[in-house]
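**Student:**
In the numbering used here, the protein residues as written are 953 to 1098.
(1) Sort 1044, 983, 1024, 1033 by Cα distance to residue 1000 and report the nearest one.
(2) Alpha carbon to alpha carbon, how far is residue 1020 from residue 1076?
(3) Thinking C-beta only, is residue 974 closer than 9 Å to residue 1035?
(4) Pair every Cβ in the region 1037-1044 with every Cβ in the region 1002-1018, then say whether three or more of these pairs are closer than 8 Å.
(5) Does the region 1012-1028 come within contact of the region 991-999, defined as at least 3 CB pairs closer than 8 Å?
(6) Nearest-angstrom Cα distance between residue 979 and residue 1024?
(7) If you run the structure through DSSP and keep just helix, strand and coil, what is residue 1090?
(8) Helix, strand or coil for residue 1000? Go by DSSP, reduced to three states.
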């Protein structure tokens, strides 16, 4: 039984994720959507996805709670960059320069829409035992969180 979409409540977090795919893998919003639906989710859990070329693609509409951080989804916008696993199969910050620029642009824009929201990485939440997004969001985006 697929889960129903819930309305978004006050946005308190903008959460950065990686897709946990190898740096060389081409992965799309449609691929993620298919994967998440296979888990019986209503649709893709992220609101935004950034491809290796820096292009930004919408996933789930921001008016709906995401499916990307258990217990926080109704208060969190999910942003995912494609990558996070290096060619040796290890967790790594694989963001291209284009992805880094696109992430900054998107996060800056989201902060204008949700000024109270804090930018954090998935791994920054309690009881998350993942490296995702494979870099320290809080220090990298400290100036955006002021």
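All C-beta atoms in this analysis are idealised placements derived from N, C-alpha and C, irrespective of residue type, glycine included.
**Tutor:** So, from the data block:
(1) 1033
(2) 13 Å
(3) yes
(4) no
(5) yes
(6) 25 Å
(7) helix
(8) strand
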